[in-house]
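To keep things clear, I will list the structure first and then write my remarks on it.
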Amino acid sequence: MRPGRLFWKFFFAFWLALLVASAAVGTAVWLHREALERERADVGRLLGVAEGPRADMAVAAAASVLAHGGEEALRRLLAEWSGERAPRVLVVDDAGHDLLGREVASAALAEARAWRDDDGHRQPVRQVSGLDGRHWVLFIPARAEDGAWERHLRPGGGRPPPPPGRHGPTPPNPWIPIGSGLLASVLFSALLAWHLSKPIRSLRWALGSVAAGNLETRVRPLMGARRDEIADLGEDFDRMARQLQSLIVSQRRLLHDVSHELRSPLARLQAAIGLLRQDPARLAASIERIEREAGRLDDLVGQLLTMARLEAGVRDAPKARIELFDLAASIAEDARFEAQSLGRDLLFHGDGEAEATLRVELIQRAFENVMRNAVKYTAEGSCVQVAAVQEGDVFVLRVDDAGPGVPAADLEAIFEPFYRCGAGQGADGFGLGLAIARRAVDLHGGRLRAENRPEGGLRIEIRLPLGGTAQKE
1 MRPGRLFWKF FFAFWLALLV ASAAVGTAVW LHREALERER ADVGRLLGVA
51 EGPRADMAVA AAASVLAHGG EEALRRLLAE WSGERAPRVL VVDDAGHDLL
101 GREVASAALA EARAWRDDDG HRQPVRQVSG LDGRHWVLFI PARAEDGAWE
151 RHLRPGGGRP PPPPGRHGPT PPNPWIPIGS GLLASVLFSA LLAWHLSKPI
201 RSLRWALGSV AAGNLETRVR PLMGARRDEI ADLGEDFDRM ARQLQSLIVS
251 QRRLLHDVSH ELRSPLARLQ AAIGLLRQDP ARLAASIERI EREAGRLDDL
301 VGQLLTMARL EAGVRDAPKA RIELFDLAAS IAEDARFEAQ SLGRDLLFHG
351 DGEAEATLRV ELIQRAFENV MRNAVKYTAE GSCVQVAAVQ EGDVFVLRVD
401 DAGPGVPAAD LEAIFEPFYR CGAGQGADGF GLGLAIARRA VDLHGGRLRA
451 ENRPEGGLRI EIRLPLGGTA QKE
């Protein structure tokens with residue numbers, strides 16, 4: 001895959017940062033080395049007086065020759081000591097001039113005179129009076145550039161280094177570390193830029209795949225074992241893709257279920273019209289059948305519109321202050337009349353006062369759908385028990401039937417649109433009642449759940465906060 005613009009932005013940003021840091025570190029190292037070189041040069045010039053047995057012997061020999069043989073004898077001796085490893089004895093008068101006219105470091109002369117004043121018998125420094133009465137100070141300067149032998153004179157000095165500029169190792173080529181540093185910075189910047197831009201390219205590919213309709217696309221597995229914000233972004237994308245896939249699947253299933261539910265009453269309408277054409281004498285029965293199926297279609301469309309409003313989070317339904325015990329008792333009375341017409345019964349238990357500001361139409365439909373569902377599925381000759389209680393600031397409505405119950409795995413599925421299970425498959429209805437009830441209760445911040453009763457049958461419980469989410473909106 002060809003690197004994109006984001007890769008090059010990361011690459012040049014990291015590379016520039018590395019170059020600036022390398023230049024800063026290199027400059028600091030160079031300045032430090034320059035300071036050390038200057039310090040070494042200063043120390044080399046100002047090492048002072050050489051010490052050690054050999055220096056003491058050389059200075060003592062020169063002093064003896066000067067004291068007994070005079071200046072000329074000392075000149076001949078110093079001329080003989082002109083080799084590279086010969087001692088370099090300076091003979092300085094009171095004016096600071098060397099007997100042979102050699103340069104005398106002021107720091108070395110000052111140290112020699114300080115030693116002389118402190119203790120005239122110190123071995124490295126001798127003060128001698130010549131035959132002509134002139135006073136001379138004899139010592140060997142410990143200057144590295146005056147000859148390497150002085151370092152060898154010190155105890156533990158080791159082999160003297162070769163004179164500067166003629167021997168020693170060749171300095172390394174500076175372009176070798178510079179080239180190595182540039183290559184390392186380029187490789188490091190490229191790897192880091194690739195590491196950061198690769199998951200972003202994966203996200204871009206996944207977005208394009210989802211936009212093309214492939215809702216099964218997942219990007220988190222492509223990011224490997226990384227644990228950072230980009231990986232969290234990949235997990236969020238996968239969660240979004242799963243939700244989109246679930247919504248699309250639900251939409252397609254809803255469209256399929258609506259088509260199926262509409263097909264049955266329409267088919268019965270067509271059959272009634274066909275019978276009417278074949279036998280006009282059956283006009284009254286056919287019209288009754290047509291009216292019944294038209295009513296079913298109207299009921300289905302009404303429930304679908306209610307479901308659509310709830311799915312969209314309806315906000316236009318009017319709210320009112322209502323007493324929930326009275327509402328539940330009124331709906332239970334109507335449901336009991338319907339139950340008795342089917343050879344069943346319904347009993348309501350509840351006495352109290354619990355007021356809340358709610359969307360009355362929706363809550364009324366939720367109570368009604370739950371009770372009618374229990375009447376529909378309870379066993380013939382049995383009784384549906386409806387109980388209303390107040391638990392703190394929560395109103396609770398429990399509806400127990402004596403029906404076959406629901407498989408444990410389907411206790412949540414019964415609240416999905418068009419769901420009907422087991423014996424309910426052949427029953428009347430569209431499978432929208434409990435779905436509408438669940439969404440109406442959720443809209444008010446409540447909770448609706450189902451559970452199988454140990455003694456048999458199904459219990460559906462509605463819990464509504466008396467404060468009411470609808471009241472706060």
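Everything in the sequence shown is counted per UniProt numbering, starting at 1 for the first residue and increasing by one. Beta carbons: idealized from backbone N, C-alpha and C, even for Gly.
(1) If A335 sits next to L346, beta carbons under 8 Å apart, how far is it from one beta carbon to the other, in whole angstroms?
(2) Quick one: give me the first and last residue of the alpha helix (DSSP H) that A67 is part of.
(3) How many Å lie between residue 474 and V441 at the Cα?
(4) What separation, rounded to the nearest whole angstrom, lies between the Cα atoms of P265 and G274?
(5) I think W115 touches V128, with their Cβ atoms under 8 Å apart; what is that distance to the nearest whole Å?
(6) So, at 6 Å on beta carbons, what are the nonlocal neighbours of V386 in its own chain, with the 5 sequence-adjacent residues on each side left out?
(7) What are the partner residues of L138, as DSSP defines its beta bridges?
(8) Over the uninterrupted alpha helix (DSSP H) stretch that includes I331, give me the two end residues.
(9) Span of the alpha helix (DSSP H) holding V399?
(10) Which of the three DSSP states, helix, strand or coil, is assigned to E391?
(11) Which residue marks the beginning of the alpha helix (DSSP H) containing I414, and which one marks its end?
(12) If you pair each beta-carbon of the segment 354–374 with each one of the segment 390–406, do three or more pairs fall below 8 Å?
(13) Roughly how many whole angstroms lie between the Cα atoms of L255 and L18?
(14) So R439 packs on V394, CB below 8 Å; how close in whole Å?
(15) Have a look at G133 and W81 and give me their C-alpha separation to the nearest angstrom.
(16) Write down the C-beta distance between A63 and R126 rounded to the nearest angstrom, noting that I regard them as a contact closer than 8 Å.
(17) Please confirm whether R292 has its beta-carbon closer than 7 Å to some beta-carbon of chain B.
(18) If you reduce the DSSP assignment to three classes, tell me which class R113 lands in.
(19) Per DSSP, D345 is paired with what?
(20) Pull up the CB-CB distance for V104 and L138, whole angstroms please, since I reckon it's below 8 Å.
The relevant details are as follows:
(1) 5 Å
(2) P53 to E80
(3) The requested residue 474 is not part of the displayed model; the chain covers only 1 to 473.
(4) 14 Å
(5) About 14 Å separates the two Cβ atoms, so there is no contact after all.
(6) A332, F348 and V399
(7) V91 and R126
(8) L324 to S341
(9) First-last for V399: V394 to D400, but that is the beta strand (DSSP E), not the alpha helix (DSSP H).
(10) strand
(11) From DSSP, I414 is part of no alpha helix (DSSP H); its letter is neither H nor E.
(12) yes
(13) 60 Å
(14) Not confirmed; about 19 Å, so no contact.
(15) 25 Å
(16) 4 Å
(17) Looking at the structure shown, chain B is missing, and only one protein chain is on hand.
(18) helix
(19) C383
(20) At roughly 12 Å, the Cβ-Cβ gap does not stay under 8 Å, so V104 and L138 are not in contact.
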